[in-house]
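What follows is a short report on a single structure.
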Amino acid sequence: MFPAKFEYYAPTTVNQAVALLKKHRDAKVLAGGHSLLPTMKLRLAQPPVLVDIGKVKGLAGIKVAKGGATIGALTTHATIAASKDLRKQCPAITEAAALIGDMQVRNRGTIGGSLSHADPAADYPAVMIALGAEMKAVGPKGARTINASHFFKSLMTTALKPSEVLTEVRLPPHQPNSGCAYVKFPNPASRFAVAGVCAWIALDAKGRCAKASIGITGACATATRASKTEAALRGKELNEETIAAAAAQAADGLDCLSDIHASAEYRAHLVTVLTARAIQQAVARAK
Amino acid sequence: MAQLKLTVNGVIYEADIDPRLLLVHYLRDTLGLTGTNVGCDTSQCGACTVLVDGLAVKSCTMLALQASGSKITTIEGLKQDGVYHPLQQAFWDNHGLQCGYCTSGMIMTAVDFLKHNPHPTEAEIRHAIEGNICRCTGYHNIVKAIKAAATQMADNRPLQRPQGQV
Chain X
17 MFPAKFEYYA PTTVNQAVAL LKKHRDAKVL AGGHSLLPTM KLRLAQPPVL VDIGKVKGLA
77 GIKVAKGGAT IGALTTHATI AASKDLRKQC PAITEAAALI GDMQVRNRGT IGGSLSHADP
137 AADYPAVMIA LGAEMKAVGP KGARTINASH FFKSLMTTAL KPSEVLTEVR LPPHQPNSGC
197 AYVKFPNPAS RFAVAGVCAW IALDAKGRCA KASIGITGAC ATATRASKTE AALRGKELNE
257 ETIAAAAAQA ADGLDCLSDI HASAEYRAHL VTVLTARAIQ QAVARAK
Chain V
92 MAQLKLTVNG VIYEADIDPR LLLVHYLRDT LGLTGTNVGC DTSQCGACTV LVDGLAVKSC
152 TMLALQASGS KITTIEGLKQ DGVYHPLQQA FWDNHGLQCG YCTSGMIMTA VDFLKHNPHP
212 TEAEIRHAIE GNICRCTGYH NIVKAIKAAA TQMADNRPLQ RPQGQV
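Chains X and V, in that order, give the protein sequences. At position 103 of the first sequence (counting the first as 1) the number is 119 in the numbering used here, and the numbers step up by one without a gap. At position 74 of the second sequence (counting the first as 1) the number is 165 in the numbering used here, and the numbers step up by one without a gap.
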């Protein structure tokens, strides 16, 4: 299998890439290519122009500071999974990265590419929503920041405009007495998430839940937030019962997908089970 | 057409290619390096694994142009001065193959893996090759071979060829 014909450009700066995207409205951005190329080989996507940002300098790398962490769009899953600094501050993202595909896929796939592609079964979106990450997008009018809550619009659709390039992901600074975790039920063949949940929990001085933020992926057409569970946890003492009661509401109101891998009912069930596990792990890390 | 320049097994190549040419087809069809196989063609089976700047990558899921400026190593590039790489030798010695179709991919993945984890446990080896599928299900000897190569590389013992081997 090989993709349909396309014009190929390899800019070396973000501005060059943006200019190319402005000129070629149907162009697609190519990063590691591990989401886009498979869809192009199956001819599900047939972009007439590819703008390969793989040679753009300065888009790969992780910086962890007191003010938060920044991850360049071209940073590979393998690099994220192996980052000790990142694991210390926010283990959910290194956990998610380590669970993506396999070693070869992690060596080549990038966080920016995965987020821009917005596959409903991708792992990062749940983490981005739970952690309150921000995406930096550069377009013809300059840079703007998009909060994760507004980034994932629908199936394979993000808030990015056709002429914008996602250049960086920013994670907020670590808060004392907070913890996060990502757990998923992977498809045994592809390792994509049949369902995946990321929980971020902050505790107050008495050890009760001060704030909860929970992102769900794999279950629906796009990653979403478990608002009811978040509300149910707030102010509560966190024990097995309260966590189970809150997690039981995680799939309420979700329009779960039904496909060859799992029925909507099964996905909804997985969401509640995984939510409880993610909260438990996050709480253990917050203490 | 677009200009490609890359290094494969230490040799610099330049070519004018169709942008949609995949790395695996460039290696196999243009350079004749058919040791790298195409298996599933959907980035799942790992038969097409090569090293791109030292990292194991599925070459069916990479445009040849994306490898521009990179150093590629294929299974043909592992043998040094007529001596097999310890992993090649260990696959031979431990019969780490049945039909052999997945073998080059398994070995290339293991080359990258052992660089990061020179003393792996059996569980770590099995996890590392999750992106390589052996449809003969010959995993037992593959894992044994990787373990044997790791031991030998860590000890840095000189290679001993079994008698009669060419």
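For each residue, glycine too, the CB sits at the ideal point set by N, CA and C.
- prompt: Does any C-beta atom of chain X lie closer than 8 Å to the C-beta of residue 80 of chain V?
  reply: Beyond the ends of chain V as shown, which are 92 and 257, falls residue 80 of chain V; an answer cannot be given.
- request: Determine the closest residue to residue 1 of chain X out of X/137, X/268 and X/29, with distance taken between C-alpha atoms.
  value: An answer regarding residue 1 of chain X cannot be provided, because it is not within the stretch 17 to 303 covered by chain X.
- request: Measure the alpha-carbon distance for residue 198 of chain V versus residue 147 of chain X and round it to whole angstroms.
  value: By 1-based counting over the second sequence, the position of residue 198 of chain V is 107. By 1-based counting over the first sequence, the position of residue 147 of chain X is 131. Residue 147 of chain X has its alpha-carbon roughly 39 Å from the corresponding atom of residue 198 of chain V.
message: So, with DSSP's three-state summary, where would you put residue 103 of chain V?
response: Looking up residue 103 of chain V in the second sequence gives position 12. DSSP places residue 103 of chain V in strand when its eight states are reduced to three.
message: Distance check for residue 191 of chain X and residue 96 of chain X, CA to CA, integer angstroms please.
response: What you label residue 96 of chain X is simply residue 80 of the first sequence in a count that begins at 1. What you label residue 191 of chain X is simply residue 175 of the first sequence in a count that begins at 1. Distance from the CA atom of residue 96 of chain X to the CA atom of residue 191 of chain X, rounded to whole angstroms, is 20 Å.
- request: If I'm right that residue 147 of chain V touches residue 120 of chain X with Cβ under 8 Å, what's the distance once you round it to whole angstroms?
  value: Taking the second sequence and counting its residues from 1, the one referred to as residue 147 of chain V is at position 56. Taking the first sequence and counting its residues from 1, the one referred to as residue 120 of chain X is at position 104. Taking a contact as a CB-CB distance under 8 Å, the pair residue 147 of chain V and residue 120 of chain X counts as one, their CB atoms being some 5 Å apart.
field: residue 273 of chain X and residue 236 of chain X closer than 8 Å at C-beta
entry: The sequence position of residue 273 of chain X within the first sequence is 257, counting from 1. The sequence position of residue 236 of chain X within the first sequence is 220, counting from 1. Yes.
- prompt: How would you write the range of the alpha helix (DSSP H) that residue 245 of chain X sits in, first residue to last?
  reply: Here the question's residue 245 of chain X lines up with position 229 in the first sequence. Run containing residue 245 of chain X: 243-249, per the alpha helix (DSSP H) assignment.
query: Can a CB atom of chain V be found closer than 8 Å to the CB of residue 101 of chain X?
result: Position 85 of the first sequence, counted from the start, is the residue given in the question as residue 101 of chain X. Interface flag for residue 101 of chain X against chain V is unset, since no Cβ pair is found closer than 8 Å.
message: Between the segment 158-178 of chain X and the segment 97-117 of chain X, can you find at least three pairs of beta-carbon atoms closer than 8 Å?
response: These segments do not touch.
query: Going by other Cβ atoms of all chains shown within 10 Å of its Cβ, with 16 needed for buried, is residue 204 of chain X buried or exposed?
result: As a position in the first sequence, residue 204 of chain X is number 188, starting the count at 1. With fewer than 16 Cβ atoms within 10 Å of its Cβ, residue 204 of chain X is classed as exposed.
task: Using a cut-off of 7 Å between C-beta atoms, extract the partners of residue 17 of chain X located in chain V.
output: Translated into positions along the first sequence, residue 17 of chain X becomes position 1. Ordered by position in chain V, the residues that pass the 7 Å Cβ test against residue 17 of chain X are 132.
query: Taking buried to mean at least 16 other C-beta atoms within 10 Å of its own C-beta, is residue 209 of chain X buried or exposed?
result: Taking the first sequence and counting its residues from 1, the one referred to as residue 209 of chain X is at position 193. Within 10 angstroms of the beta-carbon of residue 209 of chain X lie 16 or more other beta-carbons, which makes it buried.
- request: Identify every residue that forms a DSSP beta bridge with residue 167 of chain V.
  value: The residue given as residue 167 of chain V occupies position 76 in the second sequence. BP columns for residue 167 of chain V are empty, so no partner.
query: Roughly how many angstroms lie between the CA atoms of residue 256 of chain V and residue 138 of chain V, to the nearest whole one?
result: Within the second sequence, residue 256 of chain V is the residue found at index 165, counting from 1. Within the second sequence, residue 138 of chain V is the residue found at index 47, counting from 1. Reliability of the predicted coordinates at residue 256 of chain V is poor, the pLDDT of 47 falling under 50, and no value is obtained from them.
task: Using a Cβ cut-off of 8 Å (strictly closer), state whether residue 206 of chain V contacts chain X.
output: The sequence position of residue 206 of chain V within the second sequence is 115, counting from 1. Closer than 8 Å: no.
message: Taking the alpha carbon of residue 124 of chain V as the reference point, which residue from V/239, V/150, V/111 and V/223 has its own alpha carbon closest?
response: As a first step, residue 124 of chain V must be located in the second sequence, where it is residue number 33. Checking every option, the nearest Cα to that of residue 124 of chain V belongs to V/150.
- request: Output yes if chain V places a C-beta closer than 8 Å to the C-beta of residue 172 of chain X; else output no.
  value: Taking the first sequence and counting its residues from 1, the one referred to as residue 172 of chain X is at position 156. Taking a beta-carbon distance threshold of 8 Å, residue 172 of chain X does not count as an interface residue toward chain V.
message: Along the segment 95-118 of chain V, where does the CB come closer than 9 Å to a CB of chain X? Name the residues.
response: Contact residues of the segment 95-118 of chain V toward chain X are 109, 110, 111, 112, 113 and 116 (C-beta to C-beta distance below 9 Å).
field: Proximal residues of chain V, C-beta to C-beta of residue 118 of chain X below 7 Å
entry: Walking along the first sequence from the start, residue 118 of chain X turns up at place 102. Think of a sphere of 7 Å around the beta carbon of residue 118 of chain X: the chain V residues whose beta carbon falls inside it are 221 and 222, in chain order.
- prompt: residue 148 of chain V touches chain X at which residues, Cβ-Cβ below 8 Å?
  reply: Sequence index remark: in the second sequence, residue 148 of chain V carries index 57 (1-based). Going along chain X in sequence order, the residues near residue 148 of chain V (Cβ under 8 Å) are 120, 123 and 124.
task: Report the residue from V/244, V/217 and V/100 whose alpha carbon sits nearest the alpha carbon of residue 170 of chain V.
output: Position 79 of the second sequence, counting from 1, holds the residue named residue 170 of chain V. Nearest to residue 170 of chain V by C-alpha distance, out of V/244, V/217 and V/100, is V/100.
- prompt: Measuring from the CB of residue 80 of chain X, is there a heavy atom of the ligand ATP at a distance below 7 Å?
  reply: Absence of the ligand ATP is noted for the structure shown, with no ligands found whatsoever.
message: Please report the distance separating the alpha-carbon of residue 253 of chain V from that of residue 190 of chain V.
response: In the second sequence, residue 253 of chain V corresponds to position 162, counting from 1. In the second sequence, residue 190 of chain V corresponds to position 99, counting from 1. Caution applies to residue 253 of chain V, whose pLDDT of 49 falls short of 50 and renders its modelled position unreliable; the value that the coordinates give is listed next. When only Cα atoms are considered, residue 253 of chain V and residue 190 of chain V end up about 21 Å apart.
- prompt: What did DSSP end up calling residue 212 of chain X once you bin it into helix, strand or coil?
  reply: Residue mapping note: residue 212 of chain X aligns to position 196 of the first sequence, counting from 1. Correct three-state label for residue 212 of chain X: strand.
query: Is it right to say residue 238 of chain X is buried, meaning 16 or more other beta carbons lie within 10 angstroms of its own, or is it exposed?
result: Residue mapping note: residue 238 of chain X aligns to position 222 of the first sequence, counting from 1. Note on residue 238 of chain X: 16 or more other CB atoms within 10 angstroms of its CB, so buried under the neighbour-count rule.
field: Cα-Cα separation, residue 176 of chain X to residue 142 of chain X
entry: As a first step, residue 176 of chain X is located in the first sequence; it is residue number 160 there, counting from the start. As a first step, residue 142 of chain X is located in the first sequence; it is residue number 126 there, counting from the start. Residue 176 of chain X and residue 142 of chain X: Cα-Cα distance of roughly 18 Å.
- request: Identify whether residue 200 of chain V lies in helix, strand or coil by the three-state DSSP scheme.
  value: As a working note, residue 200 of chain V is residue 109 in the second sequence. Reduced to three states, the DSSP call for residue 200 of chain V is helix.
- request: Kindly identify the DSSP beta-bridge partner or partners of residue 68 of chain X.
  value: As a position in the first sequence, residue 68 of chain X is number 52, starting the count at 1. In DSSP, residue 68 of chain X forms a bridge with X/46.
- request: Could you pull the start and end residues of the alpha helix (DSSP H) that residue 294 of chain X belongs to?
  value: Stepping through the first sequence from its first residue, residue 294 of chain X is reached at position 278. 280-302 is the extent of the alpha helix (DSSP H) around residue 294 of chain X.
query: What residues from the segment 18-52 of chain X come within 8 Å of chain V, judged by C-beta to C-beta, listed N to C?
result: Cβ contacts with chain V: 18, 19, 20, 21, 22, 23, 24, 26, 46, 49 and 50.
task: Would you mind sorting residue 250 of chain X into buried or exposed? The rule is 16 or more other CB atoms within 10 Å of its CB.
output: Within the first sequence, numbered from 1, the residue matching residue 250 of chain X stands at position 234. Per the 10 Å Cβ criterion, exposed.
CA-to-CA distance, residue 111 of chain V to residue 195 of chain V, given in whole angstroms: The residue given as residue 195 of chain V occupies position 104 in the second sequence. The residue given as residue 111 of chain V occupies position 20 in the second sequence. One C-alpha to the other measures close to 24 Å.
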